[in-house]
Each structure stands twice: as structure tokens, then as C-alpha cells.
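>
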Amino acid sequence: MLDTHERDAKANTTHSPAAPHETPLAVLFPTSTQQTSIILKSCNDRLIAVTSFSGGTSFGGALTASRNGVCVSFERMKEIIAVHEDDMDVVVQPGLGWMELNEKLESKGLFFPVDPAPGAKIGGMIAMSCSGTNAYRYGTMKENVISLTCVLASGRIIKTHQRPRKSSAGYDLTHLLIGSEGTLGLVTEAVLRLSLLPKNLHVGLARFPSFQSGVDFVVELQKTGHVLEALELADGPQMQCVNVSRLSSIKWTEIPTLFFKIAGPSIELVREQQRIVTELCLKHSARRFQIASQETHGESASVIWQARKCMGQALVCMKKSPSDVFLHSDCAVPISKLSDLVQGTQALISKAAAATGNQGSWFCANVGHVGDGNVHSAIICPAADRRAAEAVLRDVARLALSLEGTITGEHGVGLELRDALEEEVGRSGVEGMRAIKAAWDQKGILNPDKVFMLEGGKMEKL
């Protein structure tokens, strides 16, 4: 039996806080699809809400406990069931971490390319349709999941497809489940697409006089037909975070900085890509252009990329008080409008901070998966200004929509963006989702009130 603290840990994280009264009644640890089926059928018969838990790294409240239900934790379902090297796919359970998976695959020259936060597990990655720094080259979870085994609220078990890379047999249930945030069913097994480990990998950086010039570089790079392994752009305040945190071994110039990876089957192809990147960087006034080979200058390459990967953790170091709050958005827009989103976000946050009278206590930083138009904007402010910060992030979401974008590129809707969903997809869009939910989960027990509120606010009334 878990104590209250342990139960809280399965349903309440720093990024997804739960109401004090919402601690789950119990945490259940299935070890198989059949056990998961028994659990859900029992909960469905008794009208008990169910929230699932994998790695606990998600933002937005999707994993937050609700309605005093139970938490189904998949931490005991973390096996690699089968690796099919010739087919370049792998069958896994939901509690397996992507980093652990890649450790096992490295000796085979393969890897699973979706790379969100360290600690993320496959089940949660599917539920949130997450991505990461590799998405520009390899796509998101939507492009890297082949098929799923899922348990519905009734306890029924479905398999969305077999293992072929393509199928036109019936409805695409695989992609319906990806990004459904645990509201339609619980995934207990997944067939994932694998990729070859990059060869001749080089890591580089370039510093630009403005965020706009960095975006202009990426827009022009796309038109050359060369696709790099990764493209990430951080603004000056984000680089300041890295320096303050001391999570990087070098001191960074606090101006917009592009981080990128280049790889290819031959060194000649990599050199050609380097030439094009160098020319375009110089054309767009980049400063201190640098590239390091993973093979011959592995330490330098690792230092460069570590600065990018530590940015989320580095933000916390900008808190002036332990009580300061950390809020974020992860809007995505067409790449050509990314700079408009960042500049508009900065203006909205500056205005909101000034209105509180605590402008000096607010901090804002931006880092973008610039290759696919997704930017993470973070706010750190005094706890007393939390509502003002939440309000301005709603304005940022509306700004993204006005730029033909989305309110969330990879973090999902959860609780935080639930009210904004209708602004993006319209009332009819939400009602369509509600109809799907009603068909798959007739009593509404699965992660209730996430993505949208249950009709009438009650389970059994979808």
C-alpha cells in the first residue's frame, strides 16, 4: 500500500500540479495487457475515474489526478518485447524509457529518434504525441509509431494494425490514439519505427544578430533541399539561463544562437552540407560559426549539444525566490512566422509584467525547434503574479492562432489549454472529439476533464 506522498508523486508534478483533494485513491501496477483489461473493466463497472502514469515528465496537467479515481502506473511494464532488425522496428511496453531503448539499440546501429525530456516513457510519449530536437529530421511520434495495442474503458483489447509500414485497412485508429492524452484508452504495447544511427555526425552552432536573422537562415536553408539532423534556435535570455545555471562548461555569448546537427552516409555529403550551411550563415550575418565532429572532436560536440539539452533545467535557475512560478507555452506556427510569434510574445509579456508593477521580477526566454516552427516560451515571475502570467500565455496562444498556428506543438492540451482548444478547432471540432470520446469511453472514466470537460461535468454524461 502506498502512502499519501507516494500516491501524490504519481498524480502531481511540478509541471502538472493537482488540487490538494485530488490524490488518487489507489495506484495500480499492471504487468500485462490482460491485467490492464481487468483493472479498466472493474473501474468502468464501478464508475471509478482512471488516470494513467508513465514517466511523469509532461506539462499541462494531462497526468494530474482527477475525481478521486485511481492511477494506473505502467512502471512495471517496461520490456522490449521484440526487435526486428531487418524490418527496422521494435515492439515495446509503455513503461520503457526512450533513452533506455536507445541504449539497447545502439549496438545494432539503430535508434528510436523521438527525443523529448530525459525520463519520458513510451506510453506518455504516445499519449501526448510528443517530439523533440530530432523532429525536424525524423518527425514526431505520429510519424514513428506503426501500430498500438490498447485497452478501452470497457476492458476490451484492440490492436490498431499489424507491423507493415503502411495499411489502408479501415480507420486509422493508431493516429487517433496518438495525442489522445489517455482519454480514449490505455496503450499497453507499441510497434515503433526505428532509424539508422547517423553517420559522420557533426554538431555546430552559429550566433546571429537577431532571432529574425536566424529564422531567415532556416527558411532559406529549406529551399536548398538539404535536411539537417536538427535545428534549434535560442534567444539571448535563454543563453543567459545556460550561463547562470552553470550546466554548460563554457561561457556563452548571450545573443540568439542556432544549434544544429549534420550527418550523412559519406563524409563528402556532410562537407557539402557544411559548405551550404556556412555560406548561408555568413549571408545572414552569423557570428562565431563553429562545427565539431562527433568522431574526432567528440568532447567539443558534446559540449555544444549539452548546452541545448540543458535549457529546460537551466530556466529554473532564474528564479529569484523559491516561491517564484514557472509557466510556459509551446505554440507552433509556420516557420516564416516564427519570429513574429517570438517578438509578439516578448511584447505581450513585457506589457503584462509592467502592469503588475513587478517588471524587474519577471523573466522570459524562448527556444525553438525552429526547423518545424515550434517555440517554447517560458515565464518566471513572483507567485503573486501567477494569474497575470497565465492570462498573458492565453494571449500568446491567441497570437499563435492569428499567425495560422496551434496552441500546442508537442506538450498537449491537458488542463491548461482546455479552454483554448475551441478557439483553434471550433465548437464543432470539440463536439466531434466529444462524440469520439463517447463512443470509446461511454461512461467517461478515462482521464476525465482532460482535453475538454465532460458534458454536464459528470461521468456517464458525455
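Each step along the sequence shown adds one to the number in UniProt numbering, with nothing skipped, and position 279 is 279.
Every residue gets a Cβ at the ideal spot worked out from N, C-alpha and C, and that includes glycine.
Everything numeric in this text was worked out from a predicted model, so none of it was measured.
Skipping 5 residues on each side, what residues in its chain have a beta carbon closer than 7 Å to that of ILE122?
If we look at ILE122 and ignore the five residues flanking it on each side, its Cβ neighbours are VAL92, PRO94, LEU96, TRP98 and ALA190.
> Ignore the nearest five residues each way along the sequence and tell me which others in LEU280's own chain have a CB closer than 7 Å to its CB.
Within the same chain, LEU280 has close Cβ partners PHE217, GLU220 and LEU221.
> Do three or more CB pairs link the region 244 to 263 to the region 200 to 211 at distances below 8 Å?
Touching, yes, given that three or more Cβ pairs across the two stretches are closer than 8 Å.
> Going along the chain, which residues of its own chain have a beta-carbon closer than 8 Å to the beta-carbon of CYS310, five neighbours each way excluded?
For CYS310, where only same-chain residues beyond five positions count, the Cβ hits under 8 Å are VAL242, SER245, LEU247 and SER248.
> Taking 8 Å as the cut-off, decide whether the C-beta atoms of LEU81 and ILE126 are in contact.
Correcting the residue type first, residue 81 is Ile in the shown sequence and not Leu. No; because the gap between Cβ atoms is not below 8 Å, this pair is not in contact.
> DSSP puts GLU189 in a beta bridge; with which residues?
DSSP, once it has assigned bridges, lists THR149 as partnering GLU189.
> Considering just the uninterrupted stretch of the beta strand (DSSP E) at PHE326, what are its terminal residues?
325 to 329 is the span of the beta strand (DSSP E), which, as asked, contains PHE326.
> Indicate the three-state DSSP secondary structure (helix, strand or coil) for GLY61 in the structure shown.
Of the three classes helix, strand and coil, the one that applies to GLY61 here is coil, per DSSP.
> Does the beta-carbon of ILE250 have 16 or more other beta-carbons within 10 angstroms, so that it is buried, or is it exposed?
Result: exposed.
> Just mark TYR171 as buried or exposed, buried being the case when its beta carbon has 16 or more other beta carbons within 10 Å.
Exposed.
> To the nearest angstrom, report how far apart ASN358 and CYS381 are at their CA atoms.
So the alpha carbons of these two residues sit roughly 9 Å apart.
> For PRO334, which of ASN374, SER321, SER323 and ARG46 has the nearest alpha-carbon?
Selected option, being the one with the closest Cα: ASN374.
> Taking Cβ to Cβ, would you say ALA332 is nearer than 8 Å to ASP372?
It is a contact, given that the beta carbons lie within the stated cut-off.
> Where DSSP assigns a beta bridge to CYS381, which residues make up the other side?
In DSSP, CYS381 forms a bridge with VAL325.
> Would you check if the region 28 to 43 and the region 67 to 74 touch, i.e. whether three or more CB-CB distances between them fall below 8 Å?
Yes, the region 67 to 74 touches the region 28 to 43.
> Alpha carbon to alpha carbon, how far is SER377 from SER167? Give it in angstroms, no decimals.
Those two C-alpha atoms are separated by around 38 Å.
> Using 8 Å as the Cβ pair cut-off and three pairs as the minimum, do the region 429 to 436 and the region 146 to 159 touch?
Taking 8 Å as the limit for Cβ pairs, the verdict is that the region 146 to 159 does not touch the region 429 to 436.
> Between which two residues does the beta strand (DSSP E) harbouring GLY293 extend?
For the record, residue 293 in the displayed sequence is Ser; it is not Gly. SER293 -> beta strand (DSSP E) spans 287 to 293.
> How many angstroms separate the CA atom of LEU417 from the CA atom of GLU295?
If you take the alpha carbons of LEU417 and GLU295, they lie about 43 Å apart.
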